[in-house]
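Participant:
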DNA sequence: CTGTTAGCGCGTTCAG
DNA sequence: CTGAACGCGCTAACAG
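Protein chains in written order, with the working numbering: chain A, 328 to 706; chain B, 328 to 706.
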């Protein structure tokens, strides 16, 4: 089957993006040497640009241009097609590490996330990865690292990313103790914060308006006629949770709601801890009739404890979570929750990165996106 | 504060592993030029090895050796310390892309996963990443990509990995339609399969004995005295689920259990689909008294549906899942499930990769690890 | 033990 | 429109 221009044009991008299904049959790959005009010393089985050029009786430069996305117009149409056809048949793949060395750009961005098991982080990360793959003329590859909120791991990760010469870094794992490490990194490459910010650190960020989210929940409780309510706060070291708490408390005061017990917090925002903290809620006097859990995991722990002890939700106790996770939607009693603006946050983070890479403009471009309350059966 | 040898030795590995907290103060970094003996043309703010060498009145090679892990013994102790101290104070970071180009090795491995939201995959991946970071003298960086079981995405990912010259590829996302793409990739670099295998493709793999897992569940049902049971199968395209089904059915026959209804399968192994399929289970005649769900997500969907309709678990219906996810442990009715050997699978996969990279030995080294049944309250 | 030399595979001048 | 030459930052081979 001869290659037509249509397939070649597909391959043009396919060479970089690999949409092309046909990378040359194994026969082609085995026999590519026979295209050589002169015998040339071949090190491995991997074809490089020099060899490809020799096989075509062209100079490397011409081949380089023909294969490139932005400079292929500098090459005659006929030559360009000939080069691309050969590259395709022979399974040529440009060596991106070599290209990076020459260009001074690796077309990679480091992504730091605290917990790969967290659905919200993953959702934001997916958006970022999708954007990075297609944004503008850029085709960036993400390097992903998980910190589990450990400072040493974070520093290790930053060092690795910097050593690999990433073009930028996005952290979804910022916490106060990382301030210095991130600022040091920002001296070398653009650093963008997403989901989590750091007090007093002015880096371009893409955030959720957590305070507004907390406020919405309190307003909702007030509208439902509750008098005594409480909140189970996530780790207090994270600004995210502090903001949710502040918004909730503010509106409680404004609406005449009493927070009892107050100061409830879990060390990790997980279901088991939500389960455990339930006893403290029930021990309070007066006992609250509604709980705001700072995320869905905690909320689910509370609901499971509620079920275990034979109480009913929302009749005996209303519960609202945060993040709108998949699980919240499929419970027997669907969980009321605050929908996190994952798409907006991810998109803004990737836009910031693209802009900063193009023109090292470190302007003050933080955006804060609003969440929205989803009232379901649990409240 | 002067640098003592202890800190320098830490930095020795810290240079690569960044355990060192102190990367040189900002003043150090700003003034590093003054260490230069001659003025040298400096392009960016980033210090390279040539400049570092000139500042120290040494040759690049010496600096390179002094900083390396395996060849630093070729350098005099005094010089070595001097080099490392300077590198540390000046915040020198070796350019890994350049090193890779020269060495013909990038010290990266591509990891392909179908779904970043899947706890089991993530757990295996974490193990792999931890091993890769510390295994032997190797410090490999993983490149992670998600396919969502899409062939084109998989091909794209493979191409990107290969273009970035990864030293090996680990796929936790194999499915039958990817056979050709993976085999083509295996022509270039070692390819290892984990968690999922492909029928008829002989690549070194690290797997779970899914059939044994299914068998355990059937034996458990038989021991509990059930007569009519059923299973809800995951996507039939995946060998994983086919094996679980086969093991379960085999033991059912051997133990005289009837599968009604049979042939129940969901398109995606998710909680919502588990929820939906529940109606079909209840409509069966005779109605089964126990369900084997091919993973915990499906099982949880079934349990939620059970709750919604007022049935009791395990009295009216026993349920067993697969994977031992966090969620299975914290439900009001803790879920019986099959514990997946994530550590063993991950460890074997990373060992395979390390071995294959060292000595391109493509020997037949697949291992299959046994899962174990965890009986909890739901059965 | 250290310096010298020679590339790794590309992209980008500058000529023609 | 194409070819020749240079160098990105590093490590490996070979001398000394």
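From the three backbone atoms N, C-alpha and C, an ideal C-beta is built for every residue, glycine too.
These numbers come from a predicted model, not from an experiment.
Which runs of the alpha helix (DSSP H) spanning at least 4 residues fall entirely within the region 448-499 of chain A, listed in chain order?
Facilitator: Complete alpha helix (DSSP H) runs here, min 4: 478-490.
Participant: Throw me the rounded Cβ distance for the residue 620/A and residue 626/A pair, which I believe falls under 8 angstroms.
Facilitator: Within the first chain, the letter at position 293 stands for residue 620/A. Within the first chain, the letter at position 299 stands for residue 626/A. That belief holds up - the Cβ atoms of residue 620/A and residue 626/A are roughly 4 angstroms apart, short of 8 angstroms.
Participant: With a Cβ-Cβ cutoff of 9 angstroms, do residue 606/A and residue 559/A count as a contact?
Facilitator: Your numbering for residue 606/A matches position 279 in the first chain. Your numbering for residue 559/A matches position 232 in the first chain. Result no, Cβ atoms of residue 606/A and residue 559/A do not sit closer than 9 angstroms.
Participant: When the Cβ atoms of the region 527-541 of chain B are set against those of the region 691-701 of chain B, are three or more pairs found closer than 8 angstroms?
Facilitator: Yes: the two stretches touch, three or more of their Cβ pairs being nearer than 8 angstroms.
Participant: Given this structure, state the Cα-to-Cα distance separating residue 436/A from residue 451/A, to the nearest angstrom.
Facilitator: The count along the first chain starts at 1 and reaches residue 436/A at position 109. The count along the first chain starts at 1 and reaches residue 451/A at position 124. The straight-line gap from Cα to Cα measures roughly 15 angstroms.
Participant: For the beta strand (DSSP E) holding residue 684/B, just list the boundary residues, first then last.
Facilitator: Position 357 of the second chain, counted from the start, is the residue given in the question as residue 684/B. That residue, residue 684/B, is in no beta strand (DSSP E); its alpha helix (DSSP H) goes 669-685.
Participant: CA-CA distance, residue 416/B and residue 670/B?
Facilitator: Residue 416/B sits at position 89 when you count from the first residue of the second chain. Residue 670/B sits at position 343 when you count from the first residue of the second chain. Looking at the two C-alpha atoms, the distance is approximately 39 angstroms.
Participant: Using a C-beta to C-beta distance shorter than 7 angstroms, which residues of chain A count as neighbours of residue 449/B?
Facilitator: If you number the second chain from 1, residue 449/B lands on position 122. The answer, in chain order, is 443, 444.
Participant: Compile a chain-ordered list of the residues in the region 608-636 of chain A whose CB is closer than 7 angstroms to at least one CB of chain B.
Facilitator: Correct list: 628, 631, 634, 635.
Participant: Whole-angstrom Cβ separation of residue 657/B and residue 652/A, contact assumed at under 8 angstroms?
Facilitator: For the purposes of this step, residue 657/B is identified with residue 330 of the second chain, where counting begins at 1. For the purposes of this step, residue 652/A is identified with residue 325 of the first chain, where counting begins at 1. Residue 657/B to residue 652/A, Cβ: 14 angstroms. No contact.
Participant: Between the Cα of residue 380/A and the Cα atoms of 397/A, 414/A, 373/A, 395/A, which residue gives the shortest distance?
Facilitator: Residue mapping note: residue 380/A aligns to position 53 of the first chain, counting from 1. Among 397/A, 414/A, 373/A, 395/A, the Cα nearest to that of residue 380/A is on 414/A.
Participant: Among residues of its own chain, excluding the 5 on either side of residue 572/A, which ones have a beta-carbon nearer than 7 angstroms to its beta-carbon?
Facilitator: What you label residue 572/A is simply residue 245 of the first chain in a count that begins at 1. Within the same chain, residue 572/A has close Cβ partners 541, 558, 560.
Participant: If you draw a straight line from the C-alpha of residue 408/A to the C-alpha of residue 376/B, how long is it?
Facilitator: Position 81 of the first chain, counted from the start, is the residue given in the question as residue 408/A. Position 49 of the second chain, counted from the start, is the residue given in the question as residue 376/B. Near 41 angstroms, if we compare the C-alpha coordinates of residue 376/B and residue 408/A.
Participant: Could you tell me the distance, in whole angstroms, from the CA atom of residue 472/A to the CA atom of residue 484/A?
Facilitator: Position 145 of the first chain holds residue 472/A. Position 157 of the first chain holds residue 484/A. Spanning the two alpha carbons is a distance of roughly 7 angstroms.
Participant: To the nearest angstrom, how far is it from the Cα of residue 444/A to the Cα of residue 390/B?
Facilitator: Start at 1 with the first residue of the first chain, and residue 444/A comes out as number 117. Start at 1 with the first residue of the second chain, and residue 390/B comes out as number 63. Cα to Cα, residue 444/A sits roughly 41 angstroms from residue 390/B.
Participant: Taking the continuous beta strand (DSSP E) assigned at residue 550/B, which residues delimit it?
Facilitator: Residue mapping note: residue 550/B aligns to position 223 of the second chain, counting from 1. First-last for residue 550/B: 537-550, but that is the alpha helix (DSSP H), not the beta strand (DSSP E).
Participant: So which residues on chain A does residue 654/B lean against when the C-beta distance must stay under 9 angstroms?
Facilitator: In the second chain, the residue the question calls residue 654/B occupies position 327. In chain order: 598, 627, 654.
Participant: Give a yes or no on whether the C-beta atoms belonging to residue 497/B and residue 525/B are separated by under 9 angstroms.
Facilitator: Residue mapping note: residue 497/B aligns to position 170 of the second chain, counting from 1. Residue mapping note: residue 525/B aligns to position 198 of the second chain, counting from 1. No; because the gap between Cβ atoms is not below 9 angstroms, this pair is not in contact.
Participant: Helix or strand or just coil, what does DSSP make of residue 607/B?
Facilitator: Sequence index remark: in the second chain, residue 607/B carries index 280 (1-based). Residue state, collapsed to three classes: helix.
Participant: Drop a sphere of 10 angstroms on the beta-carbon of residue 639/A, count the other beta-carbons inside from all chains shown, and report buried for 16 or more, exposed for fewer.
Facilitator: Walking along the first chain from the start, residue 639/A turns up at place 312. Its Cβ having fewer than 16 others within 10 Å, residue 639/A is exposed.
Participant: Kindly list, in the order they appear in chain A, the residues whose Cβ is closer than 8 angstroms to that of residue 504/B.
Facilitator: Position 177 of the second chain, counted from the first residue, corresponds to residue 504/B. By Cβ distance, chain A contributes nothing, its closest Cβ being about 11 angstroms from residue 504/B, past 8 angstroms.
Participant: Go ahead and label residue 563/A buried or exposed: buried means 16 or more other beta carbons lie within 10 angstroms of its beta carbon, across all protein chains shown.
Facilitator: Here the question's residue 563/A lines up with position 236 in the first chain. The residue is exposed, with fewer than 16 neighbouring Cβ atoms inside 10 Å.
Participant: Between 630/A, 645/A, 441/A, 613/A, which lies nearest to residue 522/A when the distance is taken from Cα to Cα?
Facilitator: Taking the first residue of the first chain as 1, we reach residue 522/A at position 195. Comparing Cα positions, the closest option is 441/A.
Participant: Within a Cβ cutoff of 7 angstroms, which residues of the same chain sit near residue 632/B, ignoring the five residues on either side of it in sequence?
Facilitator: Here residue 632/B is taken as the residue at index 305 of the second chain, counted from 1. Contacts found: 602, 605.
Participant: What three-state label does DSSP hand residue 389/B in the structure shown?
Facilitator: Position 62 of the second chain holds residue 389/B. The answer is helix: DSSP assigns residue 389/B an H, G or I state.
Participant: Which bits of chain A does residue 497/B rub up against, with CB to CB less than 9 angstroms?
Facilitator: By one-based count along the second chain, residue 497/B stands at place 170. None at all; the shortest Cβ gap to chain A is about 14 angstroms.
Participant: Relative to the C-alpha of residue 448/A, which candidate in 567/A, 395/A, 418/A, 488/A has its C-alpha closest?
Facilitator: Walking along the first chain from the start, residue 448/A turns up at place 121. Closest by alpha carbon: 567/A.
Participant: Counting only beta-carbon separations shorter than 9 angstroms, does residue 427/B have a partner in chain A?
Facilitator: The sequence position of residue 427/B within the second chain is 100, counting from 1. Taking Cβ atoms only, chain A reaches closer than 9 angstroms to residue 427/B, which makes this a yes.
Participant: Is DSSP giving residue 591/A helix, strand or coil here?
Facilitator: Against the first chain, residue 591/A aligns to sequence position 264. Residue 591/A falls in the coil class under three-state DSSP.
Participant: Quick one: residues in its chain with C-beta nearer than 7 angstroms to the C-beta of residue 543/B, no 5 flanking neighbours on either side, listed in chain order?
Facilitator: Position 216 of the second chain, counted from the start, is the residue given in the question as residue 543/B. Hits under 7 angstroms: 665, 700.
Participant: If we ignore side chains and look at the alpha-carbon of each, how far apart do residue 520/B and residue 489/B end up?
Facilitator: In the second chain, residue 520/B corresponds to position 193, counting from 1. In the second chain, residue 489/B corresponds to position 162, counting from 1. Those two C-alpha atoms are separated by around 16 angstroms.
Participant: Within 10 angstroms of its Cβ, does residue 429/A collect 16 or more other Cβ (buried), or is it exposed?
Facilitator: Numbered from its first residue, the first chain carries residue 429/A at position 102. With fewer than 16 Cβ atoms within 10 Å of its Cβ, residue 429/A is classed as exposed.
Participant: Whose CA, out of 594/B, 675/B, 378/B, lies closest to the CA of residue 418/B?
Facilitator: Residue numbering aside, residue 418/B sits at position 91 when the second chain is read from its first letter. The candidate whose alpha carbon is nearest that of residue 418/B is 378/B.
Participant: How many angstroms separate the CA atom of residue 486/A from the CA atom of residue 595/A?
Facilitator: As a first step, residue 486/A must be located in the first chain, where it is residue number 159. As a first step, residue 595/A must be located in the first chain, where it is residue number 268. Cα to Cα, the separation comes out at about 27 angstroms.
Participant: Is the CB-CB distance between residue 590/B and residue 539/B below 9 angstroms?
Facilitator: Counting from one through the second chain, the residue named residue 590/B turns up at place 263. Counting from one through the second chain, the residue named residue 539/B turns up at place 212. Cβ distance not < 9 angstroms, so residue 590/B and residue 539/B don't count as in contact.
Participant: Using a Cβ-Cβ distance cut-off of 9 angstroms, determine whether residue 424/A contacts chain B.
Facilitator: Along the first chain, read from residue 1 onward, the residue named residue 424/A stands at position 97. With 9 angstroms as the cut-off, residue 424/A counts as an interface residue toward chain B.
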